[in-house]
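All remarks here apply to the structure that follows.
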Amino acid sequence: MGSNLEISASEADLQNIFTRSNRFTVPDYQRLYSWKESQWVEFWNDLTNIDEDDTHFLGSIVVIQHQKKYDELNELELVDGQQRITTISLLLRVMRDFYRKHSDGGLGDKIDSDYLHETDFDNDRYPKLSLSRFEDDDYQSILDGDPTTVNEDSQLRQAYEYFQEQVFDCDVETIDQLRKRLLGSMTLVVVECDSTASAFRLFETLNNRGLELSAVDLMKNALLQVASEKYGGTDRETYEHIRQQWEHVLENVVYEINNPDRFFRHYMMSREDPDIEGSVTSRTLYDTFRDLIENQLPTDETDLVGYVDGMVETSELYVGFTKANVDAFSGRAQKRINRRLRNLNDIQSSHSRTLMLRIFEEFDEYDQILSVLRLLEVFMVRWRVSGNQTGSKLDRIFSELCSDAFDTTDPVQTIQMRLAEEAPGDDEFRSRLANSDFSRNAQTKYLLDTIERRHYMESGEGKDYDRATVDIEHIAPQQAFTAKKYSSWRDVLGVGKAEFNQYRNRLGNLTLLEERLNESAKDNPFEQKKDQYKLSDFQMTQEVREQYDEWTIEQIEDRSDHLAEIGVQIWDFERFV
42 MGSNLEISAS
52 EADLQNIFTR
62 SNRFTVPDYQ
72 RLYSWKESQW
82 VEFWNDLTNI
92 DEDDTHFLGS
102 IVVIQHQKKY
112 DELNELELVD
122 GQQRITTISL
132 LLRVMRDFYR
142 KHSDGGLGDK
152 IDSDYLHETD
162 FDNDRYPKLS
172 LSRFEDDDYQ
182 SILDGDPTTV
192 NEDSQLRQAY
202 EYFQEQVFDC
212 DVETIDQLRK
222 RLLGSMTLVV
232 VECDSTASAF
242 RLFETLNNRG
252 LELSAVDLMK
262 NALLQVASEK
272 YGGTDRETYE
282 HIRQQWEHVL
292 ENVVYEINNP
302 DRFFRHYMMS
312 REDPDIEGSV
322 TSRTLYDTFR
332 DLIENQLPTD
342 ETDLVGYVDG
352 MVETSELYVG
362 FTKANVDAFS
372 GRAQKRINRR
382 LRNLNDIQSS
392 HSRTLMLRIF
402 EEFDEYDQIL
412 SVLRLLEVFM
422 VRWRVSGNQT
432 GSKLDRIFSE
442 LCSDAFDTTD
452 PVQTIQMRLA
462 EEAPGDDEFR
472 SRLANSDFSR
482 NAQTKYLLDT
492 IERRHYMESG
502 EGKDYDRATV
512 DIEHIAPQQA
522 FTAKKYSSWR
532 DVLGVGKAEF
542 NQYRNRLGNL
552 TLLEERLNES
562 AKDNPFEQKK
572 DQYKLSDFQM
582 TQEVREQYDE
592 WTIEQIEDRS
602 DHLAEIGVQI
612 WDFERFV
């Protein structure tokens, strides 16, 4: 690892590690507890399969040692290994309760005092392990409170319940053996760093050797290293401000965004200063960020503090994008903006958020923002329907627009020209709309909903509705050849199962229907379905009832072509308003 790293490493069994007079703490920048059942099963199997007098190596943990006052407990900050330490602690918690229920409780109390809690000089009691503030309340509820108060979707609770099921299915003799194996036969290498600087260098060394640290973990380390070198010795207040602002960013994104890396990539690509040419991928995120804070800041406009401050404000806006709920405007303008954001979310347009961040920064006028959101909607529909799934190309397009469009006299026109140039043309889009399969998902519902509103309701007929309250109806049932209750459809369709499967999810076989009517219509042959369709407020569904006397592959093809032609007219860069 290099002689300049101030570290020590030693292998020890879990009994030795957990009975030392210190506490483990998980920093806020670490990922949440994420082990799943496959990993719990593997851990349990490893434990139950250890041979007598044998050992089982669990790997390494990396900690930063924080020395406290003589009457306070030392802390070991878990840089890597929190998943294993948390899992072990949850299993010990279950064993504690097992012994308290099935014996005199002495062993349960010993597990609690020796492995789950630590006592300081004043005899004050503390948990041996504290997780990040994002999930420590849940962990402490499981440790000393009522686990049923923790959200049932929590990985912590699910891990606890998994081990509870395994342990309480055993007798006392078996758990005695497993406890001894857990504490005496399972070992870890503990890598201790005695300074933050050593830890920063160790992070990168370990990452280069395959340790699973996320880009966001490494970015935090790099940021604090640069901040420490710049401000740590002379301006501790500024250093603490940068650290706290990063934590605010994590607070904003960690609960709301499935892939936090995405926010940081989009933020970096969207910025005017410093301007990053090209795209930032998940693979290049850390290297790009490190180069930026070490070599590109400060610039004429932005220093490290300003860059991180901007990240906090932008993270709040970004979460608003993911929820389709931003408050940049008020009244009708805000409602229209949020409706566009919802549409973009439904058609899986996360890549476009790079450009969206920039337009909200550059434009003060509602009309300009709405115009670009409309253009993005047209572009992303054409892109997605035409099967172009390459995210790297989208990142490049939007990053280049952030770099180039806002230096022109008419940024909106520049954006429109570039998106129209990159988007699939009418012929390709028409063909894909008519001949592709469409799953029952938010994107398909958006397509049908938009066709209903922009084509069928243009005359003023029809009733306004909430997209979330309607269903996608398969006119010819998806399971026409697999479910007995649909057997009457097989003669009506006039084709075999293989050919029908090529058409059942075409756009022409789909329509919108109220949830109540969908429940009534789904089992009925076409003539009876038409009776239900008559009760629908959707004009496209009324058209099916009025224009078709039968429903075969020919009708599915005909209606698919019809809707595809409508779609080409709707999702047009010049006409989409």
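Mapping the sequence shown onto the numbering used here, position 260 (from 1) lands on 301, and the numbers just tick up by one.
Backbone N, C-alpha and C define an ideal beta-carbon position, used for all residues, glycine too.
query: Tell me the residue span of the beta strand (DSSP E) that contains Glu93.; result: Element bounds for Glu93: n/a, residue is neither H nor E.
query: In angstroms with no decimal places, state the Cα-to-Cα distance between Lys526 and Val533.; result: 14 Å
query: Hey, Thr582 and Tyr589: beta-carbon distance below 8 Å or not?; result: no
query: Considering just the uninterrupted stretch of the beta strand (DSSP E) at Phe65, what are its terminal residues?; result: Asn63 to Thr66
query: Among Asp445, Ser49, Gln266 and Asp92, which has the Cα closest to the Cα of Val231?; result: Ser49
query: Helix, strand or coil for Pro301, going by three-state DSSP, please let me know.; result: helix
query: Spatial neighbours of Thr128 within its chain, please: CB distance less than 8 Å, with the 5 preceding and 5 following residues excluded, ordered by chain position.; result: Trp76, Gln80, Trp81, Phe84 and Ala200
query: For Val135, which of Ile126, Leu604 and Gly149 has the nearest alpha-carbon?; result: Gly149
query: What three-state label does DSSP hand Gly428 in the structure shown?; result: coil
query: In the DSSP assignment, what residue or residues form a beta bridge with Tyr167?; result: Glu159
query: Which term fits Val294, buried or exposed, when burial requires 16 or more other beta carbons within 10 angstroms of its beta carbon?; result: buried
query: For Tyr180 and Gly100, I'd like the C-alpha separation in whole angstroms.; result: 23 Å
query: Since His515 is in the beta strand (DSSP E), which residue starts that stretch and which ends it?; result: Val511 to His515
query: Check this for me: beta carbons of Arg174 and Pro188, under 8 Å apart or not?; result: no
query: Does the pairing of the region 320-334 with the region 432-449 give three or more beta-carbon distances under 8 Å?; result: yes
query: Can you give me the Cβ contacts of Ile298 inside the same chain, cut-off strictly under 8 Å, excluding the 5 residues immediately before and after it?; result: Phe304, Tyr359, Val360 and Thr363
query: How far does the beta strand (DSSP E) with Val232 in it extend, from its first residue to its last?; result: Met227 to Cys234
query: State buried or exposed for Ala446, treating a residue as buried only when at least 16 other CB atoms are found within 10 Å of its CB.; result: buried
query: From Gly466, Asp276, Thr66 and Ser154, pick the residue whose C-alpha is nearest to that of Asp621; which is it?; result: Nothing can be reported for residue 621, as the shown portion of the chain is limited to 42 through 618.
query: At a cut of 8 Å, does the region 162-171 reach the region 91-108 through at least three beta carbon pairs?; result: no
query: Would you please state the rounded distance, in angstroms, between the beta carbons of Asn336 and Ala365? I believe it to be under 8 Å.; result: In fact, because the Cβ distance is near 37 Å, the residues do not count as touching under 8 Å.
query: Using beta-carbon positions only, say whether Asp194 and Ala256 come within less than 8 Å of one another.; result: no
query: From Gln389, Met352, Arg508 and Met397, pick the residue whose C-alpha is nearest to that of Ala369; which is it?; result: Met397
query: Tell me, to the nearest whole angstrom, how far the beta carbon of Ala268 is from that of Leu345; I am working on the premise that it is less than 8 Å.; result: 7 Å
query: Looking at Phe614: is its Cβ nearer than 8 Å to the Cβ of Val419?; result: yes
query: Going along the chain, which residues of its own chain have a beta-carbon closer than 7 Å to the beta-carbon of Glu270, five neighbours each way excluded?; result: none
query: Should Gln596 go down as buried or exposed, given a rule of 16 or more other Cβ atoms within 10 Å for buried?; result: buried
query: Pick from Leu55, Arg222 and Ser477: whose alpha carbon is nearest that of Val426?; result: Ser477
query: Should Phe59 be labelled buried (16 or more other beta-carbon atoms within 10 Å of its own) or exposed?; result: buried
query: Using a threshold of 8 Å, state whether the C-beta atoms of Asn482 and Glu514 are closer than that.; result: no
query: Could you tell me if Val191 is buried or exposed, where buried requires 16 or more neighbouring beta carbons within 10 angstroms of its beta carbon?; result: buried
query: Which residue's Cα is closest to the Cα of Gly351: Ile492, Arg508, His289 and Ala374?; result: His289
query: Give me the Cα-Cα distance between Leu224 and Tyr203, rounded to the nearest whole angstrom.; result: 20 Å
query: How far does the beta strand (DSSP E) with Glu555 in it extend, from its first residue to its last?; result: Leu551 to Glu555
query: Where does Ala475 land, buried or exposed, given buried means 16+ other C-beta within 10 angstroms?; result: buried
query: Distance, Cα to Cα, Gln196 vs Gln205?; result: 14 Å
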